Amino acid sequence: MSKQDKNCQVPTPIKYVEQMLDYVGYKRDLWGHKVLENSCGEGNILIEIVKRYIADAKRNRYTPQEIVEGLENDVIAYEVDQKKIDTCLARLNNLSSLENLPEIKWNIKHQDFLKNKEKNIEFIIGNPPYITYHDLTQEEREFLQKSYAVCQKGRFDYCYAFIEASINALTDNGKMIYLIPFSIFRNKFAAELRVFLRNHIVKIFDYRSINVFPGITCSTSLIFCEKENVSDMVEYEDIFAQNKIWINRSNLSVDGEKWVFHRTVSGNRRFGDYFSVHNSVATLCNKAFLFTADGEQEQYYIITGIPVEKKATLPAISTKSSKDMKKRKKENRIIFPYKMSNGKIDHYTEEEFKRLYPCAWKYLYQFYCDLGKRKADENAKWFEYGRNQALAEVLGKKLVIPMVITNSTKAYIAGKYTIPYAGYFITVKRGSNMTLQDAKKVLESAGFYQYVKEVGTPTTISSYRVSVHDISEYMF
Ligand SMILES: C[S@@+](CC[C@H](N)C(=O)[O-])C[C@H]1O[C@@H](n2cnc3c(N)ncnc32)[C@H](O)[C@@H]1O
Numbered sequence: 001m002s003k004q005d006k007n008c009q010v011p012t013p014i015k016y017v018e019q020m021l022d023y024v025g026y027k028r029d030l031w032g033h034k035v036l037e038n039s040c041g042e043g044n045i046l047i048e049i050v051k052r053y054i055a056d057a058k059r060n061r062y063t064p065q066e067i068v069e070g071l072e073n074d075v076i077a078y079e080v081d082q083k084k085i086d087t088c089l090a091r092l093n094n095l096s097s098l099e100n101l102p103e104i105k106w107n108i109k110h111q112d113f114l115k116n117k118e119k120n121i122e123f124i125i126g127n128p129p130y131i132t133y134h135d136l137t138q139e140e141r142e143f144l145q146k147s148y149a150v151c152q153k154g155r156f157d158y159c160y161a162f163i164e165a166s167i168n169a170l171t172d173n174g175k176m177i178y179l180i181p182f183s184i185f186r187n188k189f190a191a192e193l194r195v196f197l198r199n200h201i202v203k204i205f206d207y208r209s210i211n212v213f214p215g216i217t218c219s220t221s222l223i224f225c226e227k228e229n230v231s232d233m234v235e236y237e238d239i240f241a242q243n244k245i246w247i248n249r250s251n252l253s254v255d256g257e258k259w260v261f262h263r264t265v266s267g268n269r270r271f272g273d274y275f276s277v278h279n280s281v282a283t284l285c286n287k288a289f290l291f292t293a294d295g296e297q298e299q300y301y302i303i304t305g306i307p308v309e310k311k312a313t314l315p316a317i318s319t320k321s322s323k324d325m326k327k328r329k330k331e332n333r334i335i336f337p338y339k340m341s342n343g344k345i346d347h348y349t350e351e352e353f354k355r356l357y358p359c360a361w362k363y364l365y366q367f368y369c370d371l372g373k374r375k376a377d378e379n380a381k382w383f384e385y386g387r388n389q390a391l392a393e394v395l396g397k398k399l400v401i402p403m404v405i406t407n408s409t410k411a412y413i414a415g416k417y418t419i420p421y422a423g424y425f426i427t428v429k430r431g432s433n434m435t436l437q438d439a440k441k442v443l444e445s446a447g448f449y450q451y452v453k454e455v456g457t458p459t460t461i462s463s464y465r466v467s468v469h470d471i472s473e474y475m476f
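The sequence shown maps to residues 1 to 476 in my numbering.
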């Protein structure tokens, strides 16, 4: 994806720019101190930096010529999009003429900040581009992997490299404030970034419940970092709840585990001691296996005009389909290419499956190429699901919940032979004295949603992704 893409070009609203400059201490005696905005866009942050610089220099009685020299030496910016630079320069020139200053050669570099090892900066203030791994080109991914320690593993975001590069650009007493996605504290692919940040983070301003970018559902935070001399305690402030706590730096995991700032304990029973949480069945090619029949003929369902043996299928459920199904009054089904005997699942040979269910085999054969392209388990046959992860547990009564929880959890009880194909499913542990109804009550409680907010990875302002581990560790 090009960095000129709108997704990574959302400017910072002025209210937050002011807060950032205040928090980082960009207020007084600024002349002679280098400040960097390394992805300046149209200049929302840069303009405020320059306004403060000029006002402060005038207060300190610098001459107009000295102010110009100071601005040329001290204020550095980068931007890759020439159009943004042109707009930014026009705004800066307008400001300097209002301030009655002579012409200024602004130091805005039309370069990729990540390819320049900038050094000796005292203040860095920024809202770097956020670009998911998925949206980066192969060339960009390889460059970041080669150049940045925090981009070595997994599906990192482009902004991780900006954080590492910026902190490395600071002088020993340098300070940085960055507006970043809150997910860096929770995302498993940000583990290396957390290891890196652990030595520099001073304060976290949690903006999760605040819509910082109007019209864009992104949970954000400000991180205030220093190059050296950080104290033992890290300050964490939930801006919406107006709640401040101090966290011992040594409690921030050394191996990059997610950072949880506050945990409400609602009981002394661990969910995972009573229930097992599983990933749903993953076909890795739902279009081949899942269907809602157009019609039926005795022993067959008709799917797009093609018959498939009813006996080769089972009901299918996801939390989304369950809501839709109620509206459409049509059942979702899944081709189930496995044997079931005594509550256990076994594999067919292809000959067996074809002999028993020739129509289902023929139906699946239409998708032969797509099925072959899946990143499937090594031993998965072409007509089987891509992952065999949940199969051993899937027969039995279960509770189905989504992976991403929005505002509250809605859990659905599903029958013994219903196959969950998205989200998680929950079964009662052998010997447990609790029921699926109990599990439903626990997971639909306000206490569980509070927990999800505390440990989950935000995907929007009110949605959080939770893992099997998170759910199992819930105390109720
Ligand atoms: C989220 S916008 C922020 C703009 C500005 N910092 C603000 O807060 O208003 C990020 C900007 O980074 C620029 N950008 C993307 N990749 C860059 C790179 N490698 N080096 C410098 N700028 C980059 C984009 O063109 C975009 O204008």
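For each residue, glycine too, the CB sits at the ideal point set by N, CA and C. In this text, all values refer to a predicted model and were calculated from it rather than measured experimentally.
- By the Cβ neighbour-count rule, F189 is buried, with 16 or more other Cβ atoms within 10 Å of its own.
- For the 8 Å CB-CB criterion, P420 and K398 form a contact.
- Set against 7 Å, the gap from the CB of G126 to the closest heavy atom of ligand 1 is smaller.
- With a cutoff of 7 Å, L95 does not count as near ligand 1, since its C-beta is closer than that to no heavy atom of the ligand.
- In chain order, S462 place their CB closer than 6 Å to the CB of N407, counting only its own chain and leaving out the 5 sequence neighbours on each side.
- With distances taken between CA atoms, E99 lies nearest to A55 out of A55, K175, T137 and A439.
- Looking at L136, Q152 and K51, the one whose alpha-carbon comes closest to that of E18 is K51.
- Counting C-beta pairs closer than 8 Å gives three or more between the region 208 to 227 and the region 174 to 192, which meets the contact rule.
- Note that the C-beta distance between S432 and F275 is below 8 Å.
- At a cut-off of 3 residues, the continuous stretches assigned as beta strand (DSSP E) that sit fully inside the region 282 to 308 are 295 to 297 and 300 to 303.
- Rounded to the nearest whole angstrom, the CA to CA distance from S166 to I124 is 7 Å.
- Placement of the Cβ of D112 at a distance of less than 7 Å from at least one heavy atom of ligand 1 is found.
- Apart from the 5 residues on each side of it in sequence, Y53 sits with its Cβ closer than 6 Å to the Cβ of L30 in its chain, given in chain order.
- In this model, F476 and C285 are separated by some 37 Å (Cα to Cα).
- Exclusion of the five residues before and after L71 leaves I104 as the residues of its chain whose Cβ lies within less than 6 Å of its Cβ.
- In the three-state reduction of the DSSP assignment, N44 falls in the helix class, which pools H, G and I.
- Of the residues I85, E444, E164 and G154, the one whose Cα lies closest to the Cα of K119 is E164.
- A residue is called buried once 16 or more other Cβ atoms fall within 10 Å of its Cβ, and P358, having fewer, is exposed.
- When the alpha-carbon of G267 is set against those of P64, V35 and Y451, the nearest one is in Y451.
- Per the coordinates, the alpha-carbon of H200 lies some 14 Å from the alpha-carbon of G256.
- When distances are taken from the beta-carbon of D81 to the heavy atoms of ligand 1, the shortest one is below 7 Å.
- In this chain, the alpha helix (DSSP H) harbouring N73 covers P64 to D74.
- Ranking F240, N116 and F261 by CA distance to the CA of R249 puts F261 first.
- If you check the C-beta of C8 against ligand 1, you find a heavy atom less than 7 Å away.
- P181 carries a strand assignment under DSSP once its states are collapsed to helix, strand and coil.
- For G126, DSSP records a beta bridge to Y178.
- Per DSSP, the beta-bridge partners of T313 are I335.
- DSSP places M340 in the strand class (E or B) of the three-state scheme.
- Taking V75 as the centre and dropping the five residues before and after it, the same chain places the C-beta of V35, I49, V50, Y53 and N107 closer than 7 Å to its C-beta, in chain order.
- Per DSSP, H469 is one residue of the alpha helix (DSSP H) stretching across V468 to S472.
- Going by beta carbons, N44 and T12 fall inside the 8 Å limit.
- Only buried fits G126, as 16 or more other CB atoms lie within 10 angstroms of its CB.
- In the DSSP assignment, I14 falls outside any beta strand (DSSP E) and within the unbroken alpha helix (DSSP H) covering I14 to V24.
- In this structure, DSSP gives L371 a helical state, which the three-state scheme calls helix.
- A282 sits close to Q389, with the two beta carbons spaced by under 8 Å.
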